[in-house]
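Student:
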Amino acid sequence: VQAVRLHRRKWLPSRGHQGDLSEEDSRAALNYLPIPCASEESLAPARSVFLEAGGQLDALGDWYLTRFLRANKDLKQALKQLRKTAAWRAKVGADEIRRRVREEGMQPCEWPRCPELMPLVVVLQTELDTFMGDAMLWLSFEHVFEPAKVLQVCTEAEWFSFSVHLLEHATYHADRLSAERGRLVRWSLVSDTHGLGPQHASLPLVFLLRPTMPLSDLYYPELIGHAQIINAPPVIYWAWRMVRHMLSRAMQARVSITDSASSPRGLVALAPLEHLPSCWGGACSPMAREQYEWFLPRESSEDLRVVWDNNALAASLQQVLRRAPAAEGLPGSDGAGMSAGADPAVSHPASLGSLLESWDSASDPDTDAARAGVGEAHTSPLLPAVSRGGHASLTPPAVP
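The sequence shown begins at 1459 in my numbering and counts up by one.
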């Protein structure tokens, strides 16, 4: 474990400053050792303490507890954090949220204030790996984020509830992936901040976020493996100086902020090009429906095209929808929309998955532009800085 920690410390940039991960760094990450589930010798007391403190565990409980055991230096500190976490979860209703995600398949559109908040950021949860074995969560604020709207539609209590729903959703699916792959899986966040400027600087927004910033450190250890902020304008460095003291030193060390010039190399060092979207200079293959999840404001087929129409990350998939054969109930098709009796939670994702699987079969110029990351109204700042074929050797072997 100590060897892995030292290796990660070498690979990750420190304390969220502007970094530039080199090719040598990414090659070093290929020596990543999968993190197994904790031993029964450690799990037994952790399980006992957590349940006695009022916590609830499901079939994925061993992977949930492993996060606490790995994040702390010794078992005593892990048990102390587990007691506090169990009491906190009972207080805020986190166990009920996890139960709904597990048993009812609760979607992000059911979270508090999601219809108002989700149009302000593009979020795609994927099961694509980084070189370090973490799954990636893509976010983009380009041309959609407006701090004034966040403050207008969301109170501090509502934002706190929204954040707990988000963390529970992320934790359950990280535990599920861990069980499926036989190793601890965390989330690697990639956030595109292209287009943000001084008009997006907001002290009231910082005060709104402040109560939720420490939650991942306090109650969700080892949920975030890395956070990469790309295309960062100066306002992002100002915001980082405002909020970094709310995070632990360990969490600060997992944050990397790169400007437009450094972002391509940072992305290439983070994950294979085949696991990055075309708008960021990658060559992501079509994903099966079970490999991703859009965080949609509503279970409505029009959201993909209308809500985020000026965003490059959303456009990389919207172009496929526009050029695909007409499919009833999907945006960009000749159909009038989803039929009145259809279940949007089932019909829309299944059809979207079938369209994504046909990505490579399209050969018209518009689809080729989408594959290259260039839309009709915007061009990715990462292109042509990243050569699609120049880093083939960086693709790691499959992690067992």
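The C-beta atom is built at its ideal place from N, Cα and C for all residues, glycine as well.
Can you have a look at THR1613 and say buried or exposed, based on whether 16 or more other CB atoms are within 10 angstroms of its CB?
Tutor: Along the sequence shown, read from residue 1 onward, the residue named residue 1613 stands at position 155. With fewer than 16 Cβ atoms within 10 Å of its Cβ, THR1613 is classed as exposed.
Student: Exposed or buried, what is ASN1768 when buried is set at 16 or more other beta-carbons lying within 10 Å of its beta-carbon?
Tutor: The residue given as residue 1768 occupies position 310 in the sequence shown. Flag for ASN1768 reads exposed.
Student: Contact defined as beta carbons within less than 8 Å: I believe PRO1570 pairs with LEU1537. What is the distance between those atoms, to the nearest angstrom?
Tutor: As a working note, residue 1570 is residue 112 in the sequence shown. As a working note, residue 1537 is residue 79 in the sequence shown. That belief does not hold up - the Cβ atoms of PRO1570 and LEU1537 are roughly 32 Å apart, past 8 Å.
Student: Using CA atoms only, rank isn't needed, just tell me which of ASP1592, GLY1653, THR1543, GLY1740 is closest to ALA1493.
Tutor: Walking along the sequence shown from the start, residue 1493 turns up at place 35. Looking at the sequence provided, one finds Ile at residue 1493 rather than Ala. Of the listed residues, the one whose Cα sits closest to ILE1493 is ASP1592.
Student: Using CA atoms only, rank isn't needed, just tell me which of GLN1657, THR1588, ALA1637 is closest to GLU1732.
Tutor: Indexing the sequence shown from 1 puts residue 1732 at position 274. The shortest C-alpha separation from GLU1732 is found at THR1588.
Student: Which residues does DSSP pair with HIS1684 in a beta bridge?
Tutor: Mapped onto the sequence shown, residue 1684 falls at position 226. HIS1684 pairs with SER1646.
Student: How long is the line joining the alpha carbons of LEU1734 and GLN1686, rounded to whole angstroms?
Tutor: The residue you call residue 1734 lines up with position 276 of the sequence shown. The residue you call residue 1686 lines up with position 228 of the sequence shown. Rounded to the nearest angstrom, the two C-alpha atoms are 13 Å apart.
Student: On the CB-based measure, 16 or more other CB atoms within 10 Å of its CB, does ASP1516 come out buried or exposed?
Tutor: Here residue 1516 refers to the residue found at position 58 of the sequence shown. By the 10 Å Cβ count, ASP1516 comes out exposed.
Student: Please report the straight-line C-alpha distance between LEU1642 and TRP1521, rounded to a whole angstrom.
Tutor: In the sequence shown, counting from the first residue as 1, residue 1642 sits at position 184. In the sequence shown, counting from the first residue as 1, residue 1521 sits at position 63. Answer to the nearest angstrom: the Cα atoms are 7 Å apart.
Student: Mind reading off the beta-carbon distance from PRO1692 to HIS1658? Whole number of angstroms is fine, and I expect it under 8 Å.
Tutor: Residue 1692 sits at position 234 when you count from the first residue of the sequence shown. Residue 1658 sits at position 200 when you count from the first residue of the sequence shown. Not a contact, Cβ separation roughly 11 Å.
Student: I'd like to know if MET1671 contacts chain B, where contact means its C-beta is closer than 9 Å to some C-beta of that chain.
Tutor: Protein chains in the displayed structure number just one, and chain B is not present.
Student: Per DSSP, TRP1696 forms a beta bridge with which residues?
Tutor: Reading the sequence shown from its first residue, position 238 is the one you call residue 1696. Note: TRP1696 sits in no beta bridge, so no partner.
Student: So if DSSP puts ALA1593 in a beta bridge, which residue, or which two residues, is it bridged to?
Tutor: As a first step, residue 1593 must be located in the sequence shown, where it is residue number 135. Looking at the DSSP assignment, ALA1593 forms a beta bridge with ASP1587, TRP1645.
Student: Give the secondary structure of VAL1622 by DSSP, where H, G and I count as helix, E and B as strand, and everything else as coil.
Tutor: Within the sequence shown, the letter at position 164 stands for residue 1622. DSSP places VAL1622 in helix when its eight states are reduced to three.
Student: Taking the alpha-carbon positions, what's the LEU1771 to VAL1579 distance?
Tutor: On the sequence shown, residue 1771 is found 313 positions in, with the first residue counted as 1. On the sequence shown, residue 1579 is found 121 positions in, with the first residue counted as 1. Distance between the alpha carbons of LEU1771 and VAL1579 is about 10 Å.
Student: Could you give the distance in angstroms between the alpha-carbon of PRO1573 and the alpha-carbon of LYS1534?
Tutor: Within the sequence shown, numbered from 1, the residue matching residue 1573 stands at position 115. Within the sequence shown, numbered from 1, the residue matching residue 1534 stands at position 76. Using only the alpha carbons, I get a separation of about 42 Å.
Student: Give the DSSP-derived three-state secondary structure of GLN1514 in the structure shown.
Tutor: Residue numbering aside, residue 1514 sits at position 56 when the sequence shown is read from its first letter. Note: GLN1514 maps to coil in three-state DSSP.
Student: Measuring only the C-alpha atoms, how far is GLU1751 from VAL1664?
Tutor: Sequence index remark: in the sequence shown, residue 1751 carries index 293 (1-based). Sequence index remark: in the sequence shown, residue 1664 carries index 206 (1-based). GLU1751 and VAL1664: Cα-Cα distance of roughly 28 Å.
Student: Following the continuous alpha helix (DSSP H) through ARG1572, name the residue where it begins and the one where it ends.
Tutor: Counting from 1 along the sequence shown, the entry for residue 1572 is found at position 114. In the sequence under discussion, the amino acid at residue 1572 is Cys, which differs from the Arg named in the question. It spans 1572–1575 - the alpha helix (DSSP H) in which CYS1572 sits, taken as one unbroken run.
Student: For ALA1729, does the three-state DSSP call read helix, strand or coil?
Tutor: Here the question's residue 1729 lines up with position 271 in the sequence shown. Coil.
Student: Is DSSP giving SER1506 helix, strand or coil here?
Tutor: Looking up residue 1506 in the sequence shown gives position 48. Three-state DSSP puts SER1506 in a helix.
Student: Tell me which same chain residues have a C-beta within less than 6 Å of the C-beta of ARG1528, skipping the five on either side of it?
Tutor: As a first step, residue 1528 must be located in the sequence shown, where it is residue number 70. Answer for ARG1528: GLU1680, listed in chain order.
Student: So, is GLU1499 buried or exposed, given that buried needs 16 or more other C-beta atoms within 10 angstroms?
Tutor: Residue mapping note: residue 1499 aligns to position 41 of the sequence shown, counting from 1. Classification of GLU1499: exposed, given that the 10 Å Cβ count is below 16.
Student: Look at the alpha carbon of THR1584 and the alpha carbon of ARG1541, and state the distance between them as a whole number of angstroms.
Tutor: For the purposes of this step, residue 1584 is taken as the residue at position 126 of the sequence shown. For the purposes of this step, residue 1541 is taken as the residue at position 83 of the sequence shown. Approximately 32 Å, taken between the alpha carbons.
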